[in-house]
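Protein chains in written order, with the working numbering: chain A, 80 to 236; chain B, 80 to 236. Report on one structure; see the data block that follows.
2 protein chains.
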Amino acid sequence: MYLILMRHGEAVPQTEDVPNRERRLTKEGKKQVRTTSRMLARFLKDRPLRIFASPFMRTRQTARILSEECFAEGLHLTEELLQGDFRRIENHLMTDGGPLALVGHHPFLQSYLLEAAGAGIQPDLASISVVDYDMAWKQGKLIAYFTPALKKLKKED
Amino acid sequence: MYLILMRHGEAVPQTEDVPNRERRLTKEGKKQVRTTSRMLARFLKDRPLRIFASPFMRTRQTARILSEECFAEGLHLTEELLQGDFRRIENHLMTDGGPLALVGHHPFLQSYLLEAAGAGIQPDLASISVVDYDMAWKQGKLIAYFTPALKKLKKED
Numbered sequence: 080m081y082l083i084l085m086r087h088g089e090a091v092p093q094t095e096d097v098p099n100r101e102r103r104l105t106k107e108g109k110k111q112v113r114t115t116s117r118m119l120a121r122f123l124k125d126r127p128l129r130i131f132a133s134p135f136m137r138t139r140q141t142a143r144i145l146s147e148e149c150f151a152e153g154l155h156l157t158e159e160l161l162q163g164d165f166r167r168i169e170n171h172l173m174t175d176g177g178p179l180a181l182v183g184h185h186p187f188l189q190s191y192l193l194e195a196a197g198a199g200i201q202p203d204l205a206s207i208s209v210v211d212y213d214m215a216w217k218q219g220k221l222i223a224y225f226t227p228a229l230k231k232l233k234k235e236d
Numbered sequence: 080m081y082l083i084l085m086r087h088g089e090a091v092p093q094t095e096d097v098p099n100r101e102r103r104l105t106k107e108g109k110k111q112v113r114t115t116s117r118m119l120a121r122f123l124k125d126r127p128l129r130i131f132a133s134p135f136m137r138t139r140q141t142a143r144i145l146s147e148e149c150f151a152e153g154l155h156l157t158e159e160l161l162q163g164d165f166r167r168i169e170n171h172l173m174t175d176g177g178p179l180a181l182v183g184h185h186p187f188l189q190s191y192l193l194e195a196a197g198a199g200i201q202p203d204l205a206s207i208s209v210v211d212y213d214m215a216w217k218q219g220k221l222i223a224y225f226t227p228a229l230k231k232l233k234k235e236d
């Protein structure tokens, strides 16, 4: 199965008035998320995508944009994504079938990537990692990683 | 500057008749390289790309396909890419300016990626990694990683 790990985009800072759970995406953060969601959509085409997101505001907003750009089959919220235990994620959220996207936070995504695919990268804001994961063998391979910065590649330094 | 690290595609096995330096890409290997080169070309658009390749047959063939798909400004061969020392690569091959592609081998590319961007991934055959690298600070960030497997994403499992 394909496991897609997405980190939320840039969010407003936490303040006394804005608790961490309620931090919203900035305008730039929404743009970042739109950019990488579109990159993924190019590869998924019209293949249905199941989406789970952490219940925090910034991940919900990220997942909503992802669902607008891809052909979302469902969007569910789960507290499970507020933990770093990949085996728990695997047992509770993952089932074989079409691609599954998990929209979450640093550093949990970093730990899933390491455990699911042996990939040691720190996922950037709004980045998308694609893992080809074999549930029977409990083993996966990173097949792609995109960040919003990729869009600037064609511009001059 | 943008540093692009590309691994050669699948090559024929080494035999008594075929020394390692002369191993050619298989038909599948050429297809893999074409696939990822086109993915990169979409992001580079018509931005000129400088290319260095190791002098082995499989990397020369890979670099030629890359140069066909992107707007290659030059294609040079160098023995430097047969070593894993990134600082040497940096001092001898890299200069600020437009994107620079290095077409090389496992495990050297893995060690460049780790040193240039702190990214712990084992680059797949024909994969392309894009690093946004600051030569003054000797520090970079992985902004993308593509493999040929990404193309299969839209197909059913």
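Backbone N, C-alpha and C fix where the C-beta goes; we use that ideal spot for every residue, glycine too.
C-alpha gap between Y224 of chain B and V97 of chain B, whole angstroms: Y224 of chain B and V97 of chain B: Cα-Cα distance of roughly 31 Å.
Are P186 of chain A and Q201 of chain A close, meaning C-beta to C-beta below 9 Å? Their beta carbons are under 9 Å apart, which means P186 of chain A touches Q201 of chain A by this criterion.
Name the chain A residues whose beta carbon is nearer than 8 Å to that of L123 of chain B? Those within 8 Å of L123 of chain B in chain A are L232 and K233.
Identify the continuous alpha helix (DSSP H) that holds S116 of chain B and give its terminal residues. Residue range K106 to L123 is occupied by the alpha helix (DSSP H) that includes S116 of chain B.
What residue range does the beta strand (DSSP E) around S208 of chain A cover? Segment I207 to D213, the beta strand (DSSP E) holding S208 of chain A.
Using a 10 Å radius around the Cβ and a threshold of 16 neighbouring Cβ atoms, would you call H155 of chain B buried or exposed? Looking at its Cβ environment, which holds fewer than 16 other Cβ atoms inside 10 Å, H155 of chain B is exposed.
Pick from B:E107, B:S190, B:R103 and B:C149: whose alpha carbon is nearest that of P134 of chain B? Taking only the C-alpha atoms, the option nearest P134 of chain B is B:R103.
Is L82 of chain B near the ligand ATP, in the sense that its beta carbon is under 8 Å from a heavy atom of that ligand? Because no ligand of any kind appears in the structure shown, any question about the ligand ATP cannot be addressed here.
Considering only the beta carbon of each residue, do L179 of chain A and S208 of chain A sit closer than 9 Å? Cβ atoms of L179 of chain A and S208 of chain A: not closer than 9 Å.
Who are the neighbours of V209 of chain B on chain A, taking C-beta pairs under 8 Å? Within 8 Å Cβ-Cβ: L229 and L232.
Spell out a yes or no on whether the stretch 105–112 of chain A and the stretch 126–133 of chain A are touching, meaning 3 or more CB-CB pairs, one atom from each, closer than 8 Å. With fewer than three CB-CB distances shorter than 8 Å, the stretch 105–112 of chain A does not count as touching the stretch 126–133 of chain A.
Using a Cβ-Cβ cutoff of less than 6 Å, which residues in the same chain neighbour Q140 of chain A once the five nearest sequence positions on both sides are dropped? So the qualifying residues of the chain are L104.
Can you give me, in chain order, the residues of the stretch 188–200 of chain B that have a beta carbon less than 9 Å from any beta carbon in chain A? Taking 9 Å as the Cβ-Cβ cut-off against chain A, the residues of the stretch 188–200 of chain B that qualify are L193, A196, G197, A198, G199 and I200.
So if I threshold CB-CB distances at 9 Å, which residues from the stretch 125–141 of chain A count as touching chain B? Result list: D125 and R126.
Range of the contiguous beta strand (DSSP E) that encloses A223 of chain B: Here the beta strand (DSSP E) through A223 of chain B covers Q218 to F225.
Of all the CB atoms in chain B, is at least one closer than 9 Å to the CB of F165 of chain A? No, because no Cβ of chain B sits closer than 9 Å to the Cβ of F165 of chain A.
Identify every residue that forms a DSSP beta bridge with H155 of chain A. Looking at the DSSP output, H155 of chain A shares a beta bridge with A:F131.
Can you tell me which of the three DSSP states R86 of chain A falls into? Looking at R86 of chain A - three-state DSSP - the assignment turns out to be strand.
Cross-chain neighbours of T226 of chain A in chain B, by beta carbon under 7 Å: Think of a sphere of 7 Å around the beta carbon of T226 of chain A: the chain B residues whose beta carbon falls inside it are I222 and A223, in chain order.
Can you tell me the Cα-Cα spacing of G108 of chain A and S206 of chain A, whole angstroms? Distance between the alpha carbons of G108 of chain A and S206 of chain A is about 11 Å.
Helix, strand or coil for L204 of chain A, going by three-state DSSP, please let me know. Reduced to three states, the DSSP call for L204 of chain A is coil.
L188 of chain B - containing alpha helix (DSSP H), residue span: Per DSSP, L188 of chain B belongs to the alpha helix (DSSP H) from F187 to A196.
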